[in-house]
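Residue numbers (our numbering): 11 to 312. Heads up, the thing below is written out as structure tokens.
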Ligand SMILES: Cc1cc2nc3c(=O)[nH]c(=O)nc-3n(C[C@H](O)[C@H](O)[C@H](O)COP(=O)(O)O)c2cc1C
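Okay, here's the thing in structure tokens:
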């Protein structure tokens, strides 16, 4: 009996553990069997190739990671020719993360990706600047999120996941806008904004100064966001933010997550996803319980 099966909108997953976009690539198959994962999520791709930001663009803090990679990726064409075929050989659902600088660009990318049956769904990264709206990130404006989601939902029958940024005043209004416009599920959270300065030199540890903050330090922020969003929408949630073991994943399930992604911790332990799946299996077996019985069932006060 499989105690870990779960659903993410249209997708039936054999277990609830996947990887967070940008923290995992085909090279990880040196460490784990991809078919053991619930799903795989690609690094965000854009229409054109991006070489990313100049270094230093990663800095480890005491309990987290600052990154300013700048969406380095081979572009849509490079992805289709060189990356997609490597994932197409696995049975595990493959979700492609993509982003654009205008709604038309998002739409164009989706149109092209729709030609490939090996793709099971899309994670739409809305944490990027909207060139039609003074460079303000798409994901910070409910009206824009609605418009973008509506457009993309009209173009695909595959799983459409909108990935939310936590760097907003009211994440619930953005989540509801995506739901109302036809998103099948939501992913949260993308990185928080962070910065680190060398106390001796007074210089930034990251060339561009402000960076994305991830890893264990952000877990309580992520859980709070997942709890608030899941209490206010009906569509399922793919949660991420600071998960470093199976117990962290359980916290997210109680908060309302249907699936959990591990990101930064893959850099610490490339086998963490598989260890988490094994430990969750043992946990539910020992309790004679199924994962779906605890989703959203936060249980009073400790
Ligand atoms: C090095 C690095 C690169 C990332 N690249 C992307 C990306 O391309 N697209 C995206 O949506 N999120 C990206 N993220 C954010 C993660 O997918 C995830 O939302 C976030 O890091 C929180 O999860 P974690 O604490 O488990 O890492 C990146 C994170 C890191 C650390």
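The beta carbon of each residue, even a glycine, is placed where N, CA and C say it ideally should be.
If we count the other Cβ atoms within 10 Å of its Cβ and call it buried at 16 or more, is residue i buried or exposed?
i, result
"residue 28", "buried"
"residue 137", "buried"
"residue 9", "Nothing in the structure corresponds to residue 9, since the chain is present only between 11 and 312."
"residue 139", "exposed"
"residue 219", "exposed"
"residue 133", "buried"
"residue 185", "buried"
"residue 11", "exposed"
"residue 141", "exposed"
"residue 171", "buried"
"residue 225", "buried"
"residue 53", "buried"
"residue 168", "buried"
"residue 249", "buried"
"residue 32", "buried"
"residue 233", "buried"
"residue 276", "buried"
"residue 175", "buried"
"residue 179", "exposed"
In the DSSP assignment, find the unbroken alpha helix (DSSP H) run with residue i in it and report its ends.
i, result
"residue 184", "181-190"
"residue 239", "229-240"
"residue 89", "No alpha helix (DSSP H) contains residue 89, which DSSP labels as neither H nor E."
"residue 275", "275-278"
"residue 163", "152-163"
"residue 285", "282-296"
Return yes when the Cβ of residue j is within less than 9 Å of the Cβ of residue i, no when it is not.
i, j, result
"residue 111", "residue 152", "no"
"residue 274", "residue 149", "no"
"residue 197", "residue 155", "no"
"residue 253", "residue 265", "no"
"residue 221", "residue 192", "no"
"residue 107", "residue 20", "no"
"residue 116", "residue 49", "no"
"residue 256", "residue 289", "yes"
"residue 181", "residue 235", "yes"
"residue 261", "residue 229", "yes"
"residue 59", "residue 25", "no"
"residue 199", "residue 78", "no"
"residue 204", "residue 71", "yes"
"residue 16", "residue 269", "yes"
"residue 210", "residue 119", "no"
"residue 45", "residue 100", "yes"
"residue 113", "residue 165", "no"
"residue 301", "residue 13", "yes"
The beta strand (DSSP E) spanning residue i covers which residue range?
i, result
"residue 223", "221-224"
"residue 315", "It is not possible to answer for residue 315, since the shown part of the chain is limited to 11 through 312."
"residue 108", "104-108"
"residue 118", "Counting along the chain, residue 118 falls outside any beta strand (DSSP E), though it belongs to the alpha helix (DSSP H) covering 113-123."
"residue 27", "27-29"
"residue 76", "75-77"
"residue 270", "269-272"
"residue 134", "131-135"
"residue 69", "68-70"
"residue 23", "21-23"
"residue 248", "247-250"
"residue 16", "16-18"
"residue 169", "169-173"
"residue 202", "202-204"
Stretch-stretch touch, CB-based, cutoff 8 Å, three pairs: the stretch 228-245 with the stretch 275-289: By the Cβ rule, the stretch 228-245 does not count as touching the stretch 275-289, because fewer than three pairs are nearer than 8 Å.
Inter-stretch contact (C-beta, 8 Å, three-pair minimum) for the stretch 84-100 and the stretch 119-127: Between the stretch 84-100 and the stretch 119-127 there are three or more inter-stretch CB-CB distances shorter than 8 Å, so the stretches are counted as touching.
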